[in-house]
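Here is the structure we will look at, set down as structure tokens.
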Amino acid sequence: MLVNAYQTNNRTWLKLSKSAGGIRMTNMFFESLMRNNRSGWEELLNVALSSPWLFPKSRTLFPYLGLHNNLDALLHIMAHQSKKILILGFNWHWQAMAQNNIFTLVRFTRTTNYIIAAGDELTLFVCIELNLPCYNATSYMMKSGKNVSNTHEGYFNDPYYLAMVWYLLPLYLHIIRRGFTIMKSDIDISYAGKNIWKKYELMAENTKADIIFMKEHPANTGHFYAIPNDRVIAFFEEWVSSQDSFKNLNDQQALAHLNGKIYMICNSADSCNHVKTLPMNRLRGNNTSSKIAAVSTYPSSFTRFSGICPPDKAINPCDEDVLYVHTICMSGFLTKMNKLKQLGFWLMEDICTETKLDISLQSSKVISVSVTRCVPIPRLSLAVENTFLHCKASI
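Just so you know, we're using full-length UniProt numbering here: the sequence shown kicks off at 1 and counts up by one.
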């Protein structure tokens with residue numbers, strides 16, 4: 001058994017096996033459960049789901065294991081019959097960053113309906129080793145970045161970076177065509193304790209928008225929400241096709257050029273309903289009957305610091321406008337990690353466990369890769385966790 005819970009003198013103790021990193025949680029953990037008004041087993045499951053890389057492989061805890069080549073089955077398991085799914089792009093160079101993202105997503109926002117897109121063999125191997133809900137998206141990556149080297153992390157607009165941001169768009173389209181409302185998250189995002197699905201749903205209901213982005217000249221594509229309908233499908237078809245016209249630009253830069261052609265910004269029900277009546281100027285020239293997608297934007301939580309870039313100070317996760325923080329305006333893992341630390345949104349211990357493993361690629365080449373496992377700081381400090389989980393005015 002992975003978890004052995006037992007009662008002794010009315011005190012509940014939890015022991016995790018050595019393969020879970022030797023972590024021990026005492027009654028302090030269950031005191032946290034009491035304060036969060038959740039049952040012990042519900043909270044215990046959330047602990048496992050928010051840091052699956054610390055646990056042995058278990059189909060009981062992680063029923064998605066083994067479904068990485070079956071998108072329909074993976075969506076069925078992970079969407080919990082809701083037809084809503086969050087998609088997180090992942091690359092093996094940023095394992096700790098992904099773990100920070102996933103921990104804050106699952107632990108603080110209580111979002112478990114998500115999948116991880118892995119675009120190359122190494123990333124897929126690492127993703128599976130970390131017990132994540134992985135999807136083998138290598139076929140998409142091959143179309144976007146064939147022969148692009150992934151031996152180093154991607155830097156802004158270098159070939160690997162461009163391949164990583166573009167290959168995901170056809171996957172989003174594929175899932176939207178299946179009738180799913182999707183949310184997309186960049187890996188360098190860390191979440192506050194808000195119900196992000198409800199937040200976006202309320203915004204969409206109030207503005208009647210098809211798609212919601214964070215505002216940034218005109219939109220930041222690192223986190224968005226899209227409703228499945230004909231306008232959104234046409235929007236993504238055109239966005240995908242635009243890669244041929246903007247080969248040296250990333251997806252966000254290309255999207256800026258499409259403003260007023262395949263989408264328009266609107267932030268009220270009246271303006272968005274009007275946008276939906278306008279004809280789309282399709283790049284591909286076929287099916288000219290499509291209508292423009294109505295896109296709403298919301299201000300970044302950095303705006304009150306007089307800019308779109310992250311400030312040089314901590315941000316209160318309980319502030320109403322803080323759904324998440326996103327380390328834009330900078331490049332590279334270490335730079336982004338240090339900025340998240342400065343903002344107070346890096347929740348991983350500094351020293352992580354690394355395990356060297358060999359992977360045999362389809363080319364018959366054997367490569368050694370390090371699999372990183374980080375322990376979330378809130379596992380060791382209730383005060384840190386309470387900062388995120390006990391906001392008075394969050395939904």
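Just so it is clear, CB atoms sit at the ideal spot from N, CA and C, and this is done for glycine as well.
Requested in this report: Sort out for me which residues DSSP pairs Ala294 with in a bridge.
Outcome: Met264
Query raised in the report: What span of residues does the alpha helix (DSSP H) with Arg379 cover, start to end?
Result: Note, Arg379: premise wrong, no alpha helix (DSSP H); not H, not E.
Query raised in the report: Using DSSP with H/G/I as helix, E/B as strand and the rest coil, what is Ser331?
Result: The three-state secondary structure of Ser331, taken from DSSP, is coil.
**Report entry** C-alpha distance - Ser242 paired with Gly66, whole-angstrom precision
**Finding:** Cα-Cα distance, rounded: 34 Å.
**Report entry** Which of helix, strand or coil DSSP assigns to Ile227
**Finding:** coil
Requested in this report: Using the DSSP secondary-structure output, state which residues sit across from Cys134 in a beta bridge.
Outcome: Ile116
Query raised in the report: Whose C-alpha, out of Gly332, Pro376, Phe345 and Asp358, is nearest the C-alpha of Cys352?
Result: Residue Pro376 holds the alpha-carbon nearest to the alpha-carbon of Cys352 among Gly332, Pro376, Phe345 and Asp358.
Requested in this report: Identify which residue in Leu173, Val371 and Thr112 has its Cα closest to the Cα of Ile233.
Outcome: Leu173
**Report entry** Range of the contiguous alpha helix (DSSP H) that encloses Thr104
**Finding:** The continuous stretches of alpha helix (DSSP H) do not include Thr104, and DSSP gives it neither H nor E.
Query - Assigned secondary structure, Thr355 (DSSP; H/G/I helix, E/B strand, else coil) - result: strand
Query - Cross-strand partners of Tyr324 (DSSP beta bridge) - result: In DSSP, Tyr324 forms a bridge with Tyr191.
**Report entry** Val375 - DSSP class collapsed to helix/strand/coil
**Finding:** coil
Query raised in the report: Taking 7 Å as the CB-CB limit, is Tyr160 close to chain B?
Result: Looking for chain B here will not work: only one protein chain is present.
Query - C-beta atoms of Asn136 and Asn69 nearer than 7 Å - result: yes
Query - Alpha carbon of Ser363 to alpha carbon of Glu121, nearest angstrom - result: 11 Å
Requested in this report: With Ile211 as the anchor, note down where its beta strand (DSSP E) starts and where it stops.
Outcome: Ile211 to Lys215 is the span of the beta strand (DSSP E), which, as asked, contains Ile211.
Query - Bridge-paired residues (DSSP) for Leu86 - result: Tyr114 and Met183
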